[in-house]
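End of the sequence shown sits at 104 in the UniProt record's numbering; the numbers just go up one at a time, nothing left out.
By construction, the Cβ of each residue, glycine as well, lies at the ideal position given by its N, Cα and C atoms.
Predicted model only: the values in this text are computed from it and were never measured.
Taking it in order: structure first as structure tokens, then the write-up.
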Amino acid sequence: MAKGYWVSVYPAISDPARLTAYDKLAGPAVQAGGGRVLSRIPSRGGRVVAHEAGITQRVVLIEFDSFEQAVAAYESEAYQKALVALPDGVERDFRIIDGIDGID
């Protein structure tokens, strides 16, 4: 079965301290929904090299066992409460995508 992924790119963060409040709620909600954080850069010391229209600001990649699980985690009550804490000054490009089950 193909995995599901949350992909978040943050082009602008005007209030990093308030983003921390969201992180404190979102982390447990993601874990409860079966998500595993694969990458959170550059905030965890990871490296990034941006090409073309890419950005070097925060990028988060979270893996779930299935696309359906990824959608359900986003729609969960716990994650919806975390979204309320997401500051207005944060610009975020968020997507839930279906992984590839093998290579054709």
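Separation of D23 and A82 (C-alpha to C-alpha, rounded to the nearest whole angstrom) is 8 Å.
Note: R18 is not bridge-paired with any residue in the DSSP secondary-structure output.
Counting along the chain, V71 sits inside the alpha helix (DSSP H) bounded by residues F67 to E75. Ranked by Cα distance from Q31, the options L86, D101, I100 and S76 are led by S76. Residue state for L61 is assigned as strand, using DSSP reduced to three classes.
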